[in-house]
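Colleague:
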Amino acid sequence: MTVRRSLLHFYGLLFIVFLTFSCEKRPKKLFKLLSPERTGIDFNNRVIENDSMNMLTFTNFYTGAGVGVGDINNDGLQDIFFGSNMESGRLYLNKGDLKFEDITNSAGVETDRWITGVSMVDINQDGNLDIYLSVSGPKRDFQNNENMLFINNGDLTFTEQGAEYNLNDSSQTTHGSFFDFDKDGDLDLFSIINPTDYPLNFMGRVTPKKINGEASSTDKLFRNNGDGTFSDVSREAGILIEGYSLGVNTSDFNHDGWVDVFVSNDFSTNDLLYINNGDGTFTNQAKSFFKHTSFASMGNDAGDINNDGLQDLVVVDMYPEDNYREKTLIPGMSYNTFQNMINQGYEPQYGRNVLQVNNGNGTFSEIGQLAGIDKTDWSWSTLFADFDNNGFKDLFVANGFTRDVGNLDFMKFKKLSPFADPDADPADHYKAILDQPGVPLNNYIFKNNGDLTFSKVMEEWGLDTKSFSNGAATADLDNDGDIDLVVNNTNSAAFIYENQSNKLSGNHYLSIKLIGDDDNEGAYGSKVTLTYDDQIQYQEVNPYRGYQSSVDSKLHFGLGAVDKIDKLEIIWPDGNITSISNPVIDTLLVLKYSNNTLQREDTGSEEFPMFSHIAKDLKIDYRHEEDYFIDFSMQPLLPHMHSKMGPSLAVGDINGDSLEDFFVGSANGRNAHFFIAEANGTFRQSTFPHDKNDEDTGALLHDFDQDGDNDLYVVSGGNRSERGEQLSYQDRLYLNDGKGNFTRAVNHLPEINSSGSCVVGADYDKDGDLDLFVGGRFVPGLYPTMPESYLLNNKGGKFTNVSSSVDGLANIGMVSSAIWTDYNNDTWVDLILVGEWMQITLFENQKGRLVNRTPGSGLEKVYGWWNSIVSGDFDKDGDMDYIVGNLGLNTNYEASEVKPLRLYAKDFDKNGVLDPIMSQYYPDGRNYPLPLRDAITEQIPILKQIINTYDDYGKRPLESVFDKDILQDAQLLKANTLKSSYIENLGGGKFKIHDLPIVVQMAPIYGMVVDDFNSDGNPDVLAVGNSYAPHVQVGRCDASTGALLLGDGKGSFKVVRGNQNGLNADKDAKALVTISLSGRQAYIVSNNADYLQIVQNVKGQNLKVFTPSPSDIAGIVKLKDGTSYRIEFHFGSGFLSQGSRKFLVNSEIAEDFELLKME
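The sequence shown lines up with residues 397 to 1555 when you count with the numbering used here.
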């Protein structure tokens, strides 16, 4: 027994020791920062000011330098060159095991000038990587600004030959990207330029655009002549537009087989997207490809973040995440300044990071805020790479600034500051700059969640060291199958991060090195696609990425748990294709070009889009005109304008020919229009001559006076009054003579003075005529005062306001949409209201009496910025469910039940003006006011005496700006969700709210219609959105292209975006209606200040038309598979929309259709 116990004790101790050893060996974090002693890399980009070299003599003094990685001696290990500004750059030879040797001197690559960008390239195609260095620095007689080209001699030595190649440009360049723009087989050069041709206090000012090559900040294109020299062909190639360039990316952004050029530009100069025309020229198409860009654009990168085979794009700016940095760094922009830039020809720009998702149709959707990567402070480099090898590209961002010269107190108040006091002595300016501290910041790293969103993982992944980081590069430095990280820091040692993914997970990977033909051995411009498990990954060969840097030109694919690749396809630069089935994984594949390759086969299986645009066929060419009233002039702190809500749409037969016509509302000062259907299938536009000085919002066509023709009700809304000015917002009723001629009815409506939104109709009291609910949207000049809404009871075509008979209805909130719906199937139509800062409010119809049943319904705790609502039996259980459109998540606002978005309203300074102050919770968990200091003091001037500095304001949570006793009697509104949602009807007056898929949250949802678009027997939803009305500090919400939510009959949806289904509703979309055209449904989209869009479902076949009577409220579709679902017929739903009440059903799947009456 004693021996046995001893053995057990021995083995037990041995097991414990084994576990302890194993735990010690297993890393805790993805990255490990290696010390200079460990790596042998002690490089430090030292930048030290003196009286002749500083920000005053060279404004780009603190913009840092890049880094390049590449195998200079062909030993299979990636070597590193660090650019340096004031000392020599350094070249480190990789000796293996993450140990490096400084060979700068022996290699002959010492530098004597201000190095910015590093480009590794085999420029003479001799099989050895050369080093091209971009050069900047002050323009002075003794300063050498010529770019440098070190030719690799093949023996670990280099010879500088920039002049011999005619690449010794001295234009204060930032970086160079080598690519074959003309498909002649050799590599050309695009060189970006950022000259210091302006005084410091002129930085960022808006000047007329220079687009004819006259600016010193115009980038350059050098063509490879094929004889060892390059020629500047910028002008003949169309490279003519100015821009203070900080980042360049050469990629095939429109997927046409020709490499394009994206340039990110600082200050007000727009980013540029030079699309390759395929004839040796380029055309800047940034305006048509992007809805907006960053403002102070820094580095950029391209990569496929959602694995759809298209290159997406990220550009970093300098918006901080925390409140203090935001309030002390961001100057803000007024609406007038923004509009002035637009009027001068600039495209919209916003001071934050942007993530442009490629729609595949020549447009991008910007989703940086949805993705969660929009705020990373003063950023420089940004790089996509699959750091955790899970199959999705993650994102790295380098941060920091050596002197806090962007601090607003320094710029506006600091005595002797070159910004605040430009006439002071330069020596005093210099001293003031030296007094400013540095801003070391954490670099950011984001894990790709695989659903268009990213999560910050700096601490979890081990990137939690503050620094002044600029250029960065990725490479598998130790050839262990994961991506390491190299960062060039200013005034501190460079970072070498070892990636330990291979030790933390069992994720698979595949690395690919392509060897091209004799003129492009690096195969730059090649495209590689992996296919597996009905998924794809896509990359292009382009090492010039991020900021002033070159990454490893090998392609690295993380595979996660996938252990088999079905196919690897390479499209070489000349269009030839190599296809490999079941390639080996967890290794490096070296693949050589061969011209005995395949041409892509046409499978003939391409699916045509569901929707086709037919406006031209219908002879409809109508553009809505806005009156551009500036709401912010009345209340500067409004979150958005209310004068850009239209136009509304209403469908109905106005001339008795049984063809459906439609009405389009107008802005103040413009005429509304009817479009009248002709027998030949086209439409005739007819000006509506009445009341052009009223702003039309909601509209409804119905035979209100029951004389056999459709009359027209129009809601007056918008924002037309200056502060304190009383204008009438009286709604209007126009009576039809039966021929489509309308006369305004007199004494048919009660007095209505609210700026309204929607009008929806139903015979809620079952007396045989259509009653109305009219939503009050807001009170002009007094936002967020609750406007009056109206319940209008119809008696013989004349209406009486009976809102007072419904408890709480009259001032329920800022209503944006409403729907009459029978949610409990008792044949009495109920009323659901949605709006800004509102609950989804439910009024049950108790035999003609409306009672608020929101409490206890499951909806009572949900407050949002709701825009619209539609009904559908989405789970096919026989009762009506609902889709509600909200603001979405692609915004700087954040809201949750625990940390709601708040709005406090009060005349804080007692000057007779209502002050709306929004606040939200920041990462430190405290509730801060959202407005920047200049904005809040413009609204409440007395605060200038209380908050003297930006520093003071940045430290104040809301209760420190306004005392609690002051806030106590302020009007308080909250929103705890911004997500568009699906409301499941559980029965018994109970509901459950579900978030719609993340892709739908890209933008606000406004117009919606419900139909079975793909004829599978399940109700679907077509939705459009976007809003150009938000405050400039927030920026336009413009990422939507429309969305088709294909229902599965169980309450879940598959989303097909508008760029994929042919809808392409990517404008400031508002109303959406159905209209019946010769037995087919068409869909009309109204766009604020833009053209109507009309699409037809080309998939619809064998459709049978049902035309309900005005008294029919619902029906049951019975399908041949034994299932059924309920539908409703509305007089108005969605957003400012009244669509056709005709219902089309596919006779191949439908067995029967039963109309339900209000009995």
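For glycine and all other residues, C-beta sits at the position ideal for the given N, C-alpha and C.
Keep in mind that this is a model prediction, so the values were computed, not measured.
Kindly list the residues whose CB is nearer than 6 Å to the CB of residue 813, restricted to its own chain and excluding five residues on each side of it in sequence; keep chain order.
Modeller: 806, 828
Colleague: Check residue 685 in the structure and name its three-state DSSP category.
Modeller: Note: residue 685 maps to helix in three-state DSSP.
Colleague: What residues in its chain sit with their C-beta under 6 Å from that of residue 1214, if we drop five residues either side in the sequence?
Modeller: 1154, 1156, 1169, 1171, 1229
Colleague: In the DSSP assignment, find the alpha helix (DSSP H) that holds residue 1389 and state where it starts and stops.
Modeller: No alpha helix (DSSP H) holds residue 1389; the beta strand (DSSP E) holding it covers 1386-1391.
Colleague: Is the separation between the beta-carbon of residue 500 and that of residue 461 shorter than 8 Å?
Modeller: For residue 500 and residue 461, no; Cβs fall outside 8 Å.
Colleague: Relative to the C-alpha of residue 1233, which residue among 1184, 1372, 1201, 1177 is closest?
Modeller: 1372
Colleague: Our contact map puts residue 571 next to residue 644 with C-beta atoms below 8 Å; I'd like the distance itself, whole angstroms only.
Modeller: About 6 Å; that satisfies the 8 Å criterion.
Colleague: If we count Cβ pairs, one from each stretch, closer than 8 Å, do we get three or more for the segment 1462-1471 versus the segment 1518-1536?
Modeller: yes
Colleague: Using 7 Å as the cut-off, classify the Cβ of residue 583 as near or not near the heavy atoms of the ligand HEM, replying yes or no.
Modeller: Judged by which ligands are present, the structure shown has none, so any question about the ligand HEM falls away.
Colleague: Use the C-beta contact count for residue 598: other C-beta atoms within 10 angstroms, 16 or more gives buried, fewer gives exposed.
Modeller: That one is exposed.
Colleague: Does the separation of the CB atoms of residue 1096 and residue 1527 fall below 8 Å?
Modeller: yes
Colleague: Less than 6 Å between C-beta atoms, sequence neighbours within five positions excluded: which residues of the same chain meet that for residue 1413?
Modeller: 1515, 1545
Colleague: What residue range does the alpha helix (DSSP H) around residue 922 cover?
Modeller: No alpha helix (DSSP H) contains residue 922, which DSSP labels as neither H nor E.
Colleague: Would you mind working out which of 706, 893, 718, 588 sits nearest residue 670, comparing C-alpha positions?
Modeller: Residue nearest to residue 670 within the set 706, 893, 718, 588 is 588 (criterion: CA-CA distance).
Colleague: When you compare the CB positions of residue 1485 and residue 1021, do they come within less than 8 Å of one another, or not?
Modeller: Contact flag set, yes.
Colleague: In whole angstroms, what is the alpha-carbon distance linking residue 785 and residue 893?
Modeller: 16 Å
Colleague: Roughly how many whole angstroms lie between the Cα atoms of residue 1194 and residue 1144?
Modeller: 4 Å
Colleague: How far does the beta strand (DSSP E) with residue 823 in it reach, from first residue to last?
Modeller: No beta strand (DSSP E) holds residue 823; the alpha helix (DSSP H) holding it covers 822-830.
Colleague: Ignoring anything shorter than 4 residues or poking outside the segment 709-737, list the alpha helix (DSSP H) runs there in chain order.
Modeller: 719-725
Colleague: So for residue 808, helix, strand or coil by DSSP?
Modeller: In this structure, residue 808 counts as helix in the three-state DSSP scheme.
Colleague: Between the C-alpha atoms of residue 1422 and residue 947, what's the straight-line distance to the nearest angstrom?
Modeller: The straight-line gap from Cα to Cα measures roughly 37 Å.
Colleague: Report the residue from 1078, 453, 541 whose alpha carbon sits nearest the alpha carbon of residue 565.
Modeller: 541
Colleague: Can you grab the Cα-Cα spacing for the pair residue 904 / residue 954, in whole Å?
Modeller: 6 Å
Colleague: Rounded to the nearest angstrom, how far is the Cβ of residue 496 from that of residue 437, given a contact under 8 Å?
Modeller: Approximately 5 Å separates the beta-carbon atoms of residue 496 and residue 437; this is inside 8 Å, confirming the contact.
Colleague: Can you round the beta-carbon distance between residue 1464 and residue 1424 to whole angstroms, since I take them to be within the 8 Å contact cut?
Modeller: Indeed they touch by this definition, with Cβ atoms about 5 Å apart.
Colleague: Going by DSSP, which residues form a beta bridge with residue 1497?
Modeller: Residue 1497 pairs with nothing; no bridge assigned.
Colleague: Short check: CB of residue 613 to CB of residue 660, under 8 Å?
Modeller: Pairing residue 613 with residue 660 gives a Cβ-Cβ distance that is not under 8 Å.
Colleague: Give me the DSSP bridge partner(s) of residue 909.
Modeller: 986
Colleague: What's the call for residue 417, buried or exposed, on a 16-neighbour Cβ count within 10 Å?
Modeller: Caution is warranted here: a pLDDT of 43 is assigned to residue 417, below 50, making its placement in the model unreliable, and the coordinate value is therefore given only provisionally. With fewer than 16 other beta carbons inside 10 angstroms of its own, residue 417 counts as exposed.
Colleague: Please state if the CB of residue 825 and the CB of residue 375 are separated by a distance shorter than 8 Å.
Modeller: Residue coverage of the chain in this structure runs from 397 to 1555, which leaves residue 375 outside it and unanswerable.
Colleague: If you draw a straight line from the C-alpha of residue 931 to the C-alpha of residue 879, how long is it?
Modeller: 22 Å
Colleague: Any idea what DSSP makes of residue 384, helix, strand or coil?
Modeller: Lying outside 397 to 1555, the shown extent of the chain, residue 384 is not represented and no answer is given.
Colleague: Do the segment 915-929 and the segment 794-811 make contact, defined as three or more Cβ pairs closer than 8 Å?
Modeller: Using a C-beta cut-off of 8 Å, the segment 915-929 makes no contact with the segment 794-811, since fewer than three inter-stretch Cβ pairs fall below that distance.
Colleague: In its own chain, which residues sit with a C-beta less than 6 Å from the C-beta of residue 695, not counting the 5 before and 5 after it?
Modeller: 643, 712, 776, 777, 778, 942, 943
Colleague: Looking at residue 1312: is its Cβ nearer than 8 Å to the Cβ of residue 1033?
Modeller: Cβ atoms of residue 1312 and residue 1033: closer than 8 Å.
Colleague: When we look at the beta-carbon of residue 1434 and count the other beta-carbons within 10 Å, is it buried (16 or more) or exposed?
Modeller: Residue 1434 should be labelled buried.
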